[in-house]
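Scroll down for the structure; my scribbles are underneath it.
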Amino acid sequence: MILPHAAQLTVHRDPAELAAAVARRIAALIAQAVAARGVCRIALA
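As numbered in this note's numbering, residues 34 to 78 make up the sequence shown, in order.
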């Protein structure tokens, strides 16, 4: 099973462009995790 975002990343042939795309993906996941943690902290307070 191929993930959609993985298929999109394979389009980039430039290693720097690929690294930037991966970094953006990781940053987005971290931002979502931080936001979710903030919401949970507010709900528990």
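Cβ coordinates follow ideal geometry from the N, Cα and C atoms, glycine included.
The C-alpha of Q65 lies about 14 Å from the C-alpha of A56. DSSP, reduced to helix, strand and coil, places R46 outside both helices and strands of the structure shown, so it counts as coil. The alpha-carbon separation between A54 and R70 amounts to approximately 25 Å.
If you draw a straight line from the Cα of P48 to the Cα of I63, it comes to about 22 Å.
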